[in-house]
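Going by full-length UniProt numbering, the first residue of the sequence shown is number 1, and it counts up by one from there.
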Amino acid sequence: MKKSILYILFLLTIFAIIGCSNFKGDMDWELSEFDMKDQNNKDFQLKDIKGDIWLVDFIFTSCATFCPQMTANMAQIQEMVKEENLKVNFASFSVDPEVDSPEILNSYVQKFTENTDNWYLLSGYSQDYIKDFALKNFKTIANKPENGQVIHSNQFYLINKKGVVVKSYDGNNNVPFDNIVKDIKALSRQ
Numbered sequence: 001m002k003k004s005i006l007y008i009l010f011l012l013t014i015f016a017i018i019g020c021s022n023f024k025g026d027m028d029w030e031l032s033e034f035d036m037k038d039q040n041n042k043d044f045q046l047k048d049i050k051g052d053i054w055l056v057d058f059i060f061t062s063c064a065t066f067c068p069q070m071t072a073n074m075a076q077i078q079e080m081v082k083e084e085n086l087k088v089n090f091a092s093f094s095v096d097p098e099v100d101s102p103e104i105l106n107s108y109v110q111k112f113t114e115n116t117d118n119w120y121l122l123s124g125y126s127q128d129y130i131k132d133f134a135l136k137n138f139k140t141i142a143n144k145p146e147n148g149q150v151i152h153s154n155q156f157y158l159i160n161k162k163g164v165v166v167k168s169y170d171g172n173n174n175v176p177f178d179n180i181v182k183d184i185k186a187l188s189r190q
């Protein structure tokens, strides 16, 4: 009887551990190949993403609406995962690449964090390229009208180690900070 109870407890523990490490995202969007430049003018490609967990967004440095808040929120998540000793990288795709040179992106990110070792601000492509890239890979818009601000997503996107977008979150007002960290923890166990 005692052995049976211990065996059942053992099995329940195993199932609980397995259940906690199985991350279930609501997306399954594999990233296509790309070639960009980061804020240090270094090449950045899909191969740089694969093998690590990433949290990414779309911003532009002259944004007068929600980009600064999104970037501040991303910096807060960066600090939270650092405190948890989680290995995760961050990327912000510029939706205004003609304006956002590597130098401008580097200056912009420095306003929000001193730690840019794991945060890549990306540009080095055309406006048409980012419009197509955002739609194809993230199912979102990145449109620059002739007059006015670029229209783009305010979402954060979580990418697994295989280079697959698995989940998105509000990156602006109702950011689920704790849920994002929890999901990163679960992904890191896979």
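Built from N, CA and C at the ideal position, the CB exists for glycine as well.
Mind checking who residue 159 pairs with in its DSSP beta bridge?
54 and 165
Specify whether the region 20-38 and the region 108-125 touch according to this definition: at least 3 beta carbon pairs, one from each stretch, less than 8 angstroms apart.
yes
Going by alpha carbons, who is nearest to residue 27 out of 164, 183 and 178?
164
Would you kindly report the start and end of the unbroken alpha helix (DSSP H) that includes residue 96?
Where residue 96 is concerned, there is no enclosing alpha helix (DSSP H), given that its DSSP letter is neither H nor E.
Could you tell me the alpha carbon to alpha carbon distance between residue 107 and residue 97, rounded to whole angstroms?
15 angstroms
Host alpha helix (DSSP H) of residue 120 (start-end):
Counting along the chain, residue 120 falls outside any alpha helix (DSSP H), though it belongs to the beta strand (DSSP E) covering 119-122.
Just mark residue 65 as buried or exposed, buried being the case when its beta carbon has 16 or more other beta carbons within 10 Å.
exposed
Rounded separation between residue 75 and residue 113 - CA only:
6 angstroms
Near residue 104, which residues of its chain fall below 7 angstroms by C-beta distance, leaving aside the five closest residues on each side in sequence?
61
On the three-state DSSP scale, how would you describe residue 136?
helix
Using the rule of at least 16 other Cβ atoms within 10 Å of the residue's Cβ for burial, across every protein chain shown, is residue 182 buried or exposed?
exposed
Among 147, 168 and 91, which residue has its Cα nearest to the Cα of residue 45?
91
In terms of residues, what are the limits of the alpha helix (DSSP H) holding residue 74?
67-83
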